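Worksheet: one structure, shown below.
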Amino acid sequence: MTEKITISVIKADVGSYPGHVRVHPELLSKAEGKLKKAKKDGLLLDSFVTHCGDDLELIMTHRRGVDAPEIHELAWKTFEDCTAIARKMKLYGAGQDILSEAFSGNVKGLGPGVAEIEFMERASDPIVIFMADKTEPGAWNPPLYKIFADPYNTAGLIIDPGLHDGFIFEVHDVIQERKIEFNTPEDIYDLLAYIGQPGRYVIKSIRRKDGLIAAVASTQRLSLIAGKYVGKDDPICIIRAQHGLPAVGEVLEPFASPHIVAGWMRGSHHGPLMPVSMKQAHPTRFDGPPRVIALGFQIAGGKLIGPVDLFDDPAFELARKKALEIADIMRAQGPFEPHRLSAEEMEYTTLPKVEEKLEKRWKKGI
Ligand code: 13P
Ligand code: 13P
Ligand code: MG
Ligand code: MG
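Letter 150 of the sequence shown, counting from 1, is numbered 166 in the numbering used here, and no numbers are missing.
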């Protein structure tokens with residue numbers, strides 16, 4: 017036990033309807049019940065259950081720290097119980113992200129996505145939790161760069177002495193399973209050299225130079241764990257704001273100009289990441305386009321004060337329109353790259369099976 021509080025956001029797609037569109041309300045209420053009981057039992061301080069598209073999102077606060085086995089077990093058991101309901105209703109992809117039956121203290125590597133942040137509560141601690149569907153963890157690279165390293169986005173990097181020294185980015189190479197740190201602003205060209213390839217180099221966390229933790233993202237890539245296509249690794253990200261950190265509005269600002277991410281139909285296409293309200297978080301067109309919700313909370317003694325549905329604002333209407341225009345342009349490319357992912361990324365889809373069948377029709381020499 018510690019004075020620090022931990023926010024754990026653990027998510028999984030354990031079945032949806034119809035197809036990959038959204039989580040069924042029965043799964044949401046089952047998960048809510050499990051977490052409320054854990055609060056009564058003293059394990060959790062607070063919780064909030066939601067969904068982005070077909071991904072069930074468990075937001076939990078507690079004092080057990082990052083990677084606490086009892087918190088991971090709670091999430092795992094919740095996903096198992098929800099999977100059982102999903103199976104009974106024959107929901108689509110029931111148990112999709114539960115890649116192994118063998119839980120041993122931590123959900124990492126077993127399918128669910130995890131972002132956890134531990135800190136001493138400040139006098140006032142605003143946080144924003146981003147949750148996306150139909151995309152992958154590298155989708156956070158452009159917005160995280162803008163929020164913490166781009167003064168065209170974050171005025172505070174110039175104006176506020178608390179931010180002026182810059183931040184440290186921890187980047188994971190999810191292919192070779194190694195990590196590296198970059199200091200900004202000094203290393204921004206080096207940082208961009210890597211994070212510009214978001215399918216491989218993924219920002220894991222960001223700290224202020226005095227060590228204060230500012231952001232944590234999930235980096236799990238299911239296909240790399242499973243060695244085959246099992247849906248995209250719809251990611252989550254927790255960001256602290258204000259008072260020596262970017263303001264809430266600076267945290268949201270990158271989403272005003274939608275960027276293009278990998279995911280969408282069959283996890284095999286590029287498309288715009290559209291910022292939406294909770295009630296719009298069910299991707300339909302071509303199973304998308306990929307979308308992101310942002311929930312704002314204040315943390316008070318571990319209690320989650322909120323949420324505010326931050327993209328439920330006419331100020332993001334134009335971004336949604338722009339995203340839809342990009343969606344039309346990308347869709348018009350049909351089966352061609354760059355709408356379809358690059359050959360390297362397609363290796364983790366079902367396309368190689370088709371190519372295998374055609375292999376014998378190829379003749380040597382041209
Ligand atoms: P307040 O003066 O309302 O605290 O706002 C400061 C700020 O960070 C606005 O972006
Ligand atoms: P999810 O990764 O959200 O399950 O979507 C998979 C898919 O195939 C969408 O077309
Ligand atoms: Mg799904
Ligand atoms: Mg999903």
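Cβ atoms here follow ideal geometry from the backbone N, Cα and C, with glycine treated the same way. Keep in mind the model is a prediction, meaning the values are calculated, not measured.
- In the displayed model, PRO153 falls within a helix according to three-state DSSP.
- Sorting CYS68, ASP141, PRO34 by C-alpha distance to the C-alpha of LYS106 places PRO34 at the top.
- Apart from the 5 residues on each side of it in sequence, HIS188 sits with its Cβ closer than 6 Å to the Cβ of LYS195, VAL218, LYS220, THR235 in its chain, given in chain order.
- Counting only the Cα atoms, ALA171 lies some 44 Å from ASP57.
- Taking 8 Å as the cut-off, one finds no heavy atom of ligand 2 near enough to the beta carbon of GLY287.
- Leaving aside the five residues that flank ARG38 on each side, the residues in its chain whose CB is nearer than 7 Å to its CB run, in chain order, SER32, HIS67, GLY69, ASP70, HIS298.
- Straight across, the Cα-Cα distance linking PRO142 with LEU320 is about 10 Å.
- Using a cutoff of 8 Å, the CB of HIS298 does not count as near ligand 4, since none of the ligand's heavy atoms is closer than that.
- Between the alpha carbons of THR365 and ILE174 lies a gap of roughly 44 Å.
- Among the bridge pairs identified by DSSP, LYS319 is matched with ALA316.
- Straight-line measurement puts the Cα of TYR168 at about 23 Å from the Cα of GLU197.
- The distance from the Cβ of HIS36 to that of GLY109 is about 7 Å, consistent with a contact at the 8 Å cut-off.
- Taking the CA atoms as reference points, GLU266 sits about 44 Å from LYS104.
- Contact between ASP149 and PRO291 is absent: CB atoms are separated by about 12 Å, not below the 8 Å threshold.
- With fewer than 16 other beta carbons inside 10 angstroms of its own, ILE191 counts as exposed.
- In the displayed model, HIS67 falls within a strand according to three-state DSSP.
- For ALA139, there is no enclosing beta strand (DSSP E), as DSSP gives it neither H nor E.
- Residue LEU179 holds the alpha-carbon nearest to the alpha-carbon of PHE164 among LYS20, GLY154, LEU179.
- Assignment of beta-bridge partners to HIS78 by DSSP yields THR22.
- If you look at ARG256, you'll find it in the beta strand (DSSP E) that goes 252-256.
- For ARG301, the Cβ stays outside the 8 Å cut-off from all heavy atoms of ligand 2.
- DSSP links ASP62 through a beta bridge to THR77.
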